[in-house]
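In the working numbering, the protein residues as written are 42 to 297. All C-beta atoms in this analysis are idealised placements derived from N, C-alpha and C, irrespective of residue type, glycine included.
If you want it as structure tokens, here you go:
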């Protein structure tokens, strides 16, 4: 199967059109708009225009200015109207390939457990996620997302990956996450940033043991393509309006 790979399109400021390719399906690894409903509509329209399925994993920006649970309900409702697989802690098999997807979030331990407190404080103070994303508080109300909430969502994402990988009956598995699964995806100039814990988790051993043919992620605004064991890790982001990725290939197609 040939897959077109896209992420981090950040189209709030200006429209962008994905080129049509000979791919059999399209993988979109999150952060299309600061509004998950618009992101889901865009994926439905892309699937209709291209005449092929779209596998969409939402990123952090797709939850901005909304409550996570409500955004997910809206995205699922919209995706069901088209040939779009919304993979939020879910997996699906198509044409002999197993697709396992989760936003993943992060564990804030990219520099080791001892650094997690500093990483959480930095993220709380400097990341828009914790000002613009809201989460239900169990009482019918909502509050701002906190780093510890992201850690819990990361743990749920790992369990979803475990289920999807364990139940994969096909030889070919593609994992799609928004957040990065390896320190190798950190942009070189930001390697020692205190915010790195909000962008990636140190999961090289997990990735290597996953036996996935391909692991697609987003969240970074730089292209990455490397091997962890027998798994190819790939990130092909367009980037934001102030940080466009000069290496972005909108027609990137890979075979699995």
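{"Check": "Rounded Cβ spacing between residue 174 and residue 243 (contact assumed at less than 8 Å)", "Outcome": "The Cβ separation is near 24 Å, so there is no contact."}
{"Check": "Validate contact between the segment 155–172 and the segment 253–268 using beta carbons, cut 8 Å, 3 pairs", "Outcome": "no"}
{"Check": "Burial state of residue 66, where buried means 16 or more other Cβ atoms lie within 10 Å", "Outcome": "buried"}
{"Check": "Residue 119 versus 135, 284, 84, 48, residue with shortest Cα-Cα distance", "Outcome": "84"}
{"Check": "For residue 98, the three-state DSSP class (helix, strand or coil)", "Outcome": "coil"}
{"Check": "Coarse secondary structure for residue 266, derived from DSSP in three states", "Outcome": "strand"}
{"Check": "Assigned secondary structure, residue 278 (DSSP; H/G/I helix, E/B strand, else coil)", "Outcome": "strand"}
{"Check": "Cut-off 7 Å between Cβ atoms - residues of its own chain near residue 133, not counting five sequence neighbours on either side", "Outcome": "126, 140"}
{"Check": "Three-way DSSP call (helix, strand, coil) for residue 171 in this model", "Outcome": "helix"}
{"Check": "Beta-carbon proximity list for residue 220, same chain, < 6 Å, skipping 5 on both sides", "Outcome": "145, 146, 147, 260"}
{"Check": "Cβ-based burial, residue 287 [other Cβ within 10 Å; buried from 16]", "Outcome": "exposed"}
{"Check": "Opening and closing residue of the alpha helix (DSSP H) in which residue 89 lies", "Outcome": "77–91"}
{"Check": "First and last residue of the uninterrupted alpha helix (DSSP H) at residue 250", "Outcome": "245–251"}
{"Check": "C-alpha distance - residue 187 paired with residue 114, whole-angstrom precision", "Outcome": "21 Å"}
{"Check": "Span of the beta strand (DSSP E) around residue 139", "Outcome": "138–143"}
{"Check": "Same chain, Cβ closer than 6 Å to residue 234, five either side skipped, listed in chain order", "Outcome": "none"}
{"Check": "Exposed unless 16 or more other CB atoms sit within 10 angstroms - verdict on residue 172", "Outcome": "exposed"}
{"Check": "Alpha helix (DSSP H) runs contained entirely in the segment 186–210, provided each spans 4 or more residues", "Outcome": "188–207"}
{"Check": "Bounding residues of the beta strand (DSSP E) (the contiguous stretch that carries residue 296)", "Outcome": "294–296"}
{"Check": "Residue 112 burial status per 10 Å Cβ neighbour count (16 or more: buried)", "Outcome": "buried"}
{"Check": "Euclidean distance between Cα positions of residue 56 and residue 45", "Outcome": "19 Å"}
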